[in-house]
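K.L.:
Protein chains: 2
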Amino acid sequence: MTRKNFGMTTVVDGAGRLVGVFTDGDLRRLHLAGEPGGEVRASQLATRAPKLIEANELAAKALDVMETFQITSLVVVDGERRPVALIRMHDILRAKIV
Amino acid sequence: MTRKNFGMTTVVDGAGRLVGVFTDGDLRRLHLAGEPGGEVRASQLATRAPKLIEANELAAKALDVMETFQITSLVVVDGERRPVALIRMHDILRAKIV
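Going down the list, the sequences are from chains A and B.
For the first sequence, my numbering begins at 16 and goes up steadily by one.
For the second sequence, my numbering begins at 16 and goes up steadily by one.
#1: What do you get for A61 of chain A, buried or exposed, if any count of 16 or more other CB atoms within 10 angstroms of its CB means buried?
#2: By the 10 Å Cβ neighbour count, where 16 or more other Cβ atoms means buried, how is V123 of chain B classified, buried or exposed?
#3: Could you spell out where the alpha helix (DSSP H) holding M81 of chain A opens and where it closes?
#4: Against chain B, does R96 of chain A count as a neighbour if the rule is that its beta carbon must be under 9 Å from one of theirs?
#5: Which residue wins for smallest C-alpha separation from P98 of chain B, given the options B:E72, B:G22, B:I68 and B:H105?
#6: Quick one: Cα of F21 of chain A to Cα of G35 of chain A, how far?
#7: Give me the residue from B:A64, B:T38 and B:S88 with the minimum Cα distance to R32 of chain B.
#8: Quick one: measure Cβ to Cβ for I102 of chain A and S88 of chain A, integer angstroms, because I've assumed they're closer than 8 Å.
#9: Hey, out of A:E82, A:F37 and A:L42, whose CA is closest to S58 of chain A's CA?
#10: Per DSSP, V124 of chain B forms a beta bridge with which residues?
#11: Between T62 of chain A and chain B, is any beta-carbon pair separated by less than 9 Å?
#12: Determine, using beta carbons only, whether D39 of chain B comes closer than 9 Å to chain A.
#13: Please check the pair M104 of chain A and L78 of chain A, which I expect to be a contact at CB under 8 Å, by giving their CB distance rounded to whole angstroms.
#14: With DSSP as the reference, please indicate the residues paired to R63 of chain A in a beta bridge.
#15: Mind listing the chain C neighbours of L108 of chain B? Cutoff is C-beta to C-beta under 7 Å, in chain order.
#16: For M23 of chain B, which residues does DSSP report across the bridge?
#17: Kindly indicate which three-state DSSP category R103 of chain A falls into: helix, strand or coil?
#18: Buried or exposed: where does T25 of chain B fall if 16 or more other Cβ atoms within 10 Å of its Cβ makes it buried?
#19: Can you list, in chain order, the residues of its chain whose CB lies under 6 Å from that of M23 of chain B, leaving out five sequence neighbours each side?
#20: For D129 of chain B, which option in A:D28, A:V27 and A:M16 has the closest C-alpha, if you only look at C-alpha atoms?
#21: From H46 of chain A to L47 of chain B, what distance separates their C-alpha atoms?
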């Protein structure tokens, strides 16, 4: 999360398929709950059913999902639900798609 | 930060003027540095020179600042640099200003 400066990361299963995301907000809530996180596994913490979009969907749809859920980035997955990218509102606006 | 669900908060001086912001990302970096934060004051942690905009500026300018700095929200201040609101990319897009 820190190295890529995204404020979030994906959690995948053994086959590389997305099972959840973990965000800075999750870390904050964990901190408030008094959990140092030392022995907790990523899969236990990740937000299940994270917002995602398939790579062949339109960018306009990605923006629609972001607005619906009031989030600013989305995981892009391939046909087997493996993360291939992260798309941010900034990326969409910069491309002048909307 | 948790109650308002913004992932950030402002830090003000005794006169209510903005001196910095503190974000989920700052909390994460603090955590990585091994600082539990128990005895640290907000003013020591806050990002100085936070990105802000005056209330009478155009929303389009707010979006421009967000794109320039690759951030998704901005503190709105009055003429005396007191925070009056937070503006998010979502707010601007919803208003169909851009």
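Quick reminder that beta carbons are idealized off the backbone N, C-alpha and C, glycines included.
P.N.:
In terms of the structure at hand:
#1: Buried, because 16 or more other Cβ atoms sit within 10 Å of the Cβ of A61 of chain A.
#2: In the structure as shown, chain B starts at 16 and stops at 113, and residue 123 of chain B therefore has no counterpart that could be examined.
#3: Segment A74 to F84, the alpha helix (DSSP H) holding M81 of chain A.
#4: Taking Cβ atoms only, chain B never reaches closer than 9 Å to R96 of chain A, which makes this a no.
#5: When only C-alpha atoms are compared, the closest one is B:I68.
#6: Their Cα atoms are separated by approximately 15 Å.
#7: Cα-wise, what sits closest to R32 of chain B is B:A64.
#8: Right, the Cβ-Cβ distance comes to about 7 Å (below 8 Å), so this counts as a contact.
#9: Nearest to S58 of chain A by C-alpha distance, out of A:E82, A:F37 and A:L42, is A:F37.
#10: Outside the shown range of chain B (16 to 113) lies residue 124 of chain B, about which nothing can therefore be said.
#11: No, T62 of chain A lies away from the interface with chain B (no Cβ there is under 9 Å from its Cβ).
#12: Among the CB atoms of chain A, one or more fall inside 9 Å of the CB of D39 of chain B.
#13: Their Cβ separation, rounded to whole angstroms, is 7 Å, which keeps M104 of chain A and L78 of chain A in contact under 8 Å.
#14: Bridge partners of R63 of chain A: A:G35.
#15: Reference to chain C is not applicable here, since the protein chains of this structure are A and B.
#16: Paired residues: B:T38.
#17: In the structure shown, R103 of chain A sits in a strand (DSSP, three-state: E or B).
#18: Taking all protein chains shown into account, T25 of chain B has 16 or more neighbouring C-beta atoms within 10 Å of its C-beta and is therefore buried.
#19: Result list for M23 of chain B: V36 and T38, in chain order.
#20: An answer regarding residue 129 of chain B cannot be provided, because it is not within the stretch 16 to 113 covered by chain B.
#21: Those two C-alpha atoms are separated by around 12 Å.
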